[in-house]
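Single-structure report; data block below.
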Amino acid sequence: MYGSDEPLLVQERIPQLRLSLPTYGVSERTLELLKALATLSRSPGTYYSGSLHADSPLAWAATDDELRFHLDALRESGFIDFETIDLDANYRARLTAKGWDHVEKGPATVLPRAFVAMSFSETMLPTWIEGLRPGIEDAGYSAHRVDSDVHVHRIDQKIVADIRTSRFVVVDVTEQKQGAYFEAGLALELVVAGPQREPHRRSHRGAHPPPAEQTRTRQTLQVQLTRRDGQHLRRRLRVIVRD
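Per this note's numbering, the sequence shown starts with residue -4, numbered consecutively.
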């Protein structure tokens, strides 16, 4: 994903890929959208402002019209207040008391999530499995990478949706992958930049600027980790991540 070459989709594998996709029913997609809006709203009474053109991944919707259908369904069920605000398909929505009650009592309530931007190479797998993921989970958050689940949308749309519904973003730039900087640049919340090993650190000269310079962040922390350094990451996260 992060290399210079475009991904290759082999036609013979398309049926296999289709079988691996989740089969959400219509009502399940509506509830997925409700959970996403709850995360994006941040707090009761707060409106989330979005776009029908960009937010279809939040409901696993294939079109703008399908997303509008799910929004209307939530409004008619009394779960959200929803209205379009201009002719460019922008809208705003907020959960009602009934909507918050449904999210909090429902079986599919999700933990606050941290989005992890990093290289997917095999050499970085121990960093994810033994360091970043357990460290984030020990701090009380679920750890998520864009490859954590299958999806039916363009990868850039999926990344945007995942980052927007995450509490904060952890960026590992050990291998200086452009994708990690791209994901950091999309983040609007806390960014934690964490080169893994000093011998692999490269100069930023001639490359994209570090995430701290490229993003609007509340706080930035540079952490050098070893692959088994989950305990250290957990302690640092507890200090810098605000509830």
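By construction, the Cβ of each residue, glycine as well, lies at the ideal position given by its N, Cα and C atoms.
Using a Cβ-Cβ cut-off of 7 Å (strictly less than) and excluding sequence neighbours within five positions of residue i, which residues of its own chain qualify?
| i | result |
| --- | --- |
| residue 142 | 115 |
| residue 99 | none |
| residue 194 | Note that residue 194 scores 35 on pLDDT, short of 50, meaning its location in the model is unreliable; the coordinates nonetheless yield the value given after this. The answer is none, since no qualifying residue turns up. |
| residue 136 | 106, 107, 108, 109 and 162 |
| residue 63 | 47 |
| residue 24 | 54, 55, 56 and 65 |
| residue 132 | 138 |
| residue 158 | 110, 164, 178, 181 and 182 |
Can you give the beta carbon distance from residue i to residue j, rounded, assuming they're within the 8 Å contact cut?
| i | j | result |
| --- | --- | --- |
| residue 178 | residue 164 | 7 Å |
| residue 89 | residue 40 | 7 Å |
| residue 108 | residue 65 | That belief does not hold up - the Cβ atoms of residue 108 and residue 65 are roughly 21 Å apart, past 8 Å. |
| residue 59 | residue 48 | 6 Å |
| residue 175 | residue 112 | 4 Å |
| residue 127 | residue 155 | That pair is no contact at about 21 Å. |
| residue 160 | residue 35 | 6 Å |
Quick check on the DSSP output: the alpha helix (DSSP H) that includes residue i runs from which residue to which?
| i | result |
| --- | --- |
| residue 176 | 173 to 181 |
| residue 76 | Careful: residue 76 lies outside any alpha helix (DSSP H), inside the beta strand (DSSP E) at 75 to 79. |
| residue 165 | Where residue 165 is concerned, there is no enclosing alpha helix (DSSP H), although the beta strand (DSSP E) it sits in stretches over 163 to 166. |
| residue 128 | 128 to 133 |
| residue 87 | No alpha helix (DSSP H) holds residue 87; the beta strand (DSSP E) holding it covers 85 to 90. |
| residue 22 | 21 to 36 |
Mind checking which residues open and close the beta strand (DSSP E) that includes residue i?
| i | result |
| --- | --- |
| residue 110 | 108 to 112 |
| residue 72 | Neither: residue 72 is in no beta strand (DSSP E) and is coded neither H nor E. |
According to DSSP, is residue i part of a helix, a strand, or is it coil?
| i | result |
| --- | --- |
| residue 48 | coil |
| residue 103 | Here residue 103 scores only 42 on pLDDT, less than 50, and its place in the model should not be relied on; the value that follows carries that caveat. DSSP places residue 103 in coil when its eight states are reduced to three. |
| residue 117 | helix |
| residue 214 | Confidence at residue 214 is low in this model, with a pLDDT of 49, below 50, so its placement is unreliable and the value that follows should be read with caution. Coil at residue 214, not helix or strand. |
| residue 68 | helix |
| residue 138 | strand |
| residue 237 | With a pLDDT of 47 at residue 237, under the threshold of 50, the predicted position of this residue should be treated as unreliable, though the coordinate-derived value follows. Reduced to three states, the DSSP call for residue 237 is coil. |
| residue 200 | Note on residue 200: pLDDT 32, under 50, position unreliable in the model; no value is reported. |
| residue 186 | Because residue 186 sits at a pLDDT of 45, beneath the cut-off of 50, its placement in the model cannot be relied upon, and the following sentence gives the value as read from the coordinates. Reduced to three states, the DSSP call for residue 186 is strand. |
Give every residue of the same chain whose Cβ lies closer than 8 Å to the Cβ of residue i, excluding the five residues on either side of it in the sequence, and list them in chain order.
| i | result |
| --- | --- |
| residue 92 | 39 |
| residue 33 | 90, 94, 95 and 98 |
| residue 73 | 91, 93 and 94 |
| residue 119 | 113, 167, 169, 170 and 191 |
| residue 79 | 47, 85 and 86 |
| residue 75 | 29, 32, 66, 69, 88, 89, 90, 91 and 94 |
Which residues in the same chain as residue i place their Cβ atom closer than 6 Å to its Cβ, once the five residues preceding and following it in sequence are excluded?
| i | result |
| --- | --- |
| residue 241 | There is no way to answer for residue 241, as the model of the chain reaches only from -4 to 238. |
| residue 53 | 28, 31 and 156 |
| residue 37 | none |
| residue 77 | 66, 70 and 88 |
Does chain D have any CB closer than 9 Å to the CB of residue i?
| i | result |
| --- | --- |
| residue 20 | You won't find chain D in this structure, because it holds only one protein chain. |
### Task
Determine contact between the stretch 54 to 70 and the stretch 23 to 37, defined as no fewer than three beta-carbon pairs at a distance below 8 Å.
yes
### Task
For the stretch 83 to 97 and the stretch 41 to 55, state whether three or more C-beta atom pairs, one from each stretch, are separated by less than 8 Å.
yes
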